[in-house]
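A.B. asks: I'd like to ask some things about the structure below.
Chains as they are written, first to last, in the working numbering: chain A, 1 to 360; chain B, 361 to 616.
See the structure below:
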């Protein structure tokens, strides 16, 4: 017996609240173990573990999916920068998860289900909020709002929304199909005029095109470099940071075949042999894959806590913890379900019955 | 007195056939060398059996009555441990037939269904229990959170629990590759690619995990070794700490 355990020093009155572990606990545990063994045996006799074709590195199944408990990470990868979704956010989440008892140090409400006054409604509210927001963001990123608008109204999503059709040109003939803004319009007006990104944020990076006439000034950091115009997105893809990196390090940035300067050649091999990391900022990618997701995640989290605080349900730090933990767990499960049941070929958002069964 | 009977042992009352069998089975020299007392039917003996039995002594001898209610814990922590034990047993049986080489892995697993009696049952149980353990561990974490059981003095045991959650996921993930079918190969490819996206160190970490640039023979032997010995050992150590600290911290959390 544990000589110094607090159980030994409890007052007599509490002794009467206690039961003997034999038989009251060990028999329950025994029954649990038997039930579980029994159910798993039955299940294993009825349902076979999947085994499909032998591994073949040349044939990629579509869709390729991680194990189900990592599908939440795979889901996040579809919406933001890979390092942010796959590593940075999960690491932060695990550290915050481990730190929960150090952030909420009060002893209040321990040992009872939903120990604080408002904890049940906080849990319900934040799980509904997290489910709704996660679903909404996934639908928005898939452009479903535009699809629904077009289906319901019969009109095109862009064009009707703003001043008129954006300018489109036949790629082969160069003939103008629809008049866009006039040629003299400055880039930012064209940018405002063309709301392609309202269909899908990723279009900021891929489909949103505008340029500002610089009247001969050399500027821009991309493939279209010195053509006298600042073009979005091309001229914003390689903005150098004022630190040693792929652009500024003499050897790495030397695109013209000239030998590097003497002082560089004198540097030790281990230094010059370093892999030339490209630390130039790809502004469109940074905006779409990092900045907007981070703002959305942080913003919606703050909004959740703020609303709960305004309602007056958050009274202790424990209440805040409950809201954040509930949102975290809910998002985990929602994204797991979306990743398993709603992602078909090409990771497109489809109905569960349209998801190909690759596990046979 | 019967042979081997000890003072204080309760004797069965009727002298019928069942009584005779009971006497022969439970009151003989060999039985009593293993179980030193008879069925513990007094509080004192019941506490003694829990305190002195090597398996039962994880428990305290007494427990607060709210903790016996199934709805307080749903046995989730215990079930996670139970599934770990079940996975160890079925896993050892699977190791008899499985060779972690690219040439044999897939055929060995396929042969479980045709060449090995109850082979498919063992594999199915191992797989479903593995999924079950991930779920019970996650639910256990939720239970501990919503009952406020991480609060002082149990802070560190919550941290140990988070480590055990990560280990559980890693155990499941490393086992996922072993059947060496398309599902396994590409799930691990996708999973390790996620790790590879880490800034700065990503490429190196993935290279170490896979033992190369892609999921191949080296990855298989690494995942196998981690799955059958490396991670279970680490998990067992953390589990020991986890259980020990439950006792040290005064048993399960309860209202002040």
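The C-beta atom is built at its ideal place from N, Cα and C for all residues, glycine as well.
Suppose contacts are defined by Cβ-Cβ distances below 8 Å. Is residue 451 of chain B in contact with residue 427 of chain B by that definition?
C.D. replies: no
A.B. asks: At 7 Å on the CB atoms, spell out the chain B contacts of residue 65 of chain A, in chain order.
C.D. replies: 547 and 550
A.B. asks: Tell whether a beta-carbon distance below 8 Å holds between residue 591 of chain B and residue 527 of chain B.
C.D. replies: yes
A.B. asks: When the distance is taken between beta carbons, is residue 19 of chain A closer than 8 Å to residue 666 of chain B?
C.D. replies: This structure does not reach residue 666 of chain B, given that chain B is present from 361 up to 616, and the question cannot be answered.
A.B. asks: Look at the Cβ atom of residue 407 of chain B, then the Cβ atom of residue 447 of chain B, and state whether they are nearer than 8 Å.
C.D. replies: no
A.B. asks: If I'm right that residue 529 of chain B touches residue 482 of chain B with Cβ under 8 Å, what's the distance once you round it to whole angstroms?
C.D. replies: So it is not a contact: roughly 23 Å between Cβ atoms.
A.B. asks: Cβ closer than 8 Å: which chain B residues qualify as neighbours of residue 41 of chain A?
C.D. replies: Chain B residues near residue 41 of chain A: 481 and 485.
A.B. asks: Could you confirm whether any beta carbon from chain A is found closer than 8 Å to the beta carbon of residue 564 of chain B?
C.D. replies: The beta carbon of residue 564 of chain B sits no closer than 8 Å to any beta carbon of chain A.
A.B. asks: Report the neighbours of residue 557 of chain B on chain A: residues whose CB is nearer than 7 Å to its CB, in chain order.
C.D. replies: 82, 83, 86 and 87
A.B. asks: So, under 8 Å CB-CB, residue 345 of chain A and residue 90 of chain A are touching, yes? Tell me the CB distance rounded to an integer number of Å.
C.D. replies: Incorrect: roughly 26 Å between the Cβ atoms, too far for contact.
A.B. asks: Evaluate residue 104 of chain A with the Cβ neighbour count: other Cβ atoms within 10 Å of its Cβ, from every protein chain shown; 16 or more gives buried, anything less gives exposed.
C.D. replies: Buried, by the Cβ-count rule.
A.B. asks: Residue 614 of chain B versus chain A: which residues are under 7 Å apart at the beta carbon?
C.D. replies: 111
A.B. asks: Please tell me whether residue 579 of chain B and residue 570 of chain B are closer than 8 Å, where the distance is taken between their beta carbons.
C.D. replies: yes
A.B. asks: Measure from the alpha carbon of residue 125 of chain A to the alpha carbon of each residue in A/319, A/355, A/335 and A/357, then state which is nearest.
C.D. replies: A/319
A.B. asks: Starting from residue 213 of chain A, follow its DSSP beta bridges and name the residues at the other end.
C.D. replies: A/229
A.B. asks: DSSP state of residue 245 of chain A, grouped into three classes?
C.D. replies: Its pLDDT being 45, under 50, residue 245 of chain A is placed unreliably in this model, and the coordinates cannot settle the point.
A.B. asks: What is the residue span of the alpha helix (DSSP H) that residue 318 of chain A lies within?
C.D. replies: Element bounds for residue 318 of chain A: 317 to 341.
A.B. asks: Name, please, each residue of chain B whose Cβ falls closer than 9 Å to the Cβ of residue 118 of chain A.
C.D. replies: Those within 9 Å of residue 118 of chain A in chain B number zero; the least Cβ separation is about 13 Å.
A.B. asks: Taking the alpha helix (DSSP H) that residue 311 of chain A falls in, what are its first and last residues?
C.D. replies: 292 to 311
A.B. asks: Any C-beta of chain B within less than 9 Å: which residues of the region 66 to 77 of chain A qualify?
C.D. replies: For the region 66 to 77 of chain A, the beta-carbon criterion of a distance under 9 Å to any beta-carbon of chain B is satisfied by 66, 67, 68, 69, 70, 73, 74 and 77.
A.B. asks: Tell me which residues of the region 17 to 47 of chain A have at least one Cβ-Cβ distance to chain B shorter than 8 Å, keeping chain order.
C.D. replies: Those residues of the region 17 to 47 of chain A that come within reach of chain B (Cβ to Cβ, closer than 8 Å) are 17, 18, 19, 20, 21, 22, 23, 24, 25, 26, 28, 29, 32, 33, 36, 37, 40, 41, 43, 44, 45 and 47.
A.B. asks: Please return the same chain residues whose Cβ sits closer than 8 Å to the Cβ of residue 564 of chain B, not counting the five positions on each side in sequence.
C.D. replies: none
A.B. asks: Pairing CB atoms from the region 546 to 555 of chain B with CB atoms from the region 509 to 528 of chain B, are three or more of them under 8 Å?
C.D. replies: no
A.B. asks: Measuring alpha carbon to alpha carbon, tell me which residue in A/16, A/28, A/26 and A/99 is nearest residue 516 of chain B.
C.D. replies: A/99
A.B. asks: Would you report the Cα separation of residue 328 of chain A and residue 123 of chain A, rounded to the nearest angstrom?
C.D. replies: 11 Å
A.B. asks: Here's the rule: buried if 16 or more other CB atoms are within 10 angstroms of the residue's CB, otherwise exposed. What is residue 440 of chain B?
C.D. replies: buried
A.B. asks: In whole angstroms, give me the CA-to-CA distance for residue 416 of chain B and residue 615 of chain B.
C.D. replies: 25 Å
A.B. asks: By alpha-carbon positions, which one of A/324, A/307, A/347 and A/59 ends up nearest to residue 541 of chain B?
C.D. replies: Sorting A/324, A/307, A/347 and A/59 by C-alpha distance to the C-alpha of residue 541 of chain B places A/59 at the top.
A.B. asks: My output table needs one value for residue 427 of chain B: the three-state DSSP class, helix, strand or coil.
C.D. replies: helix
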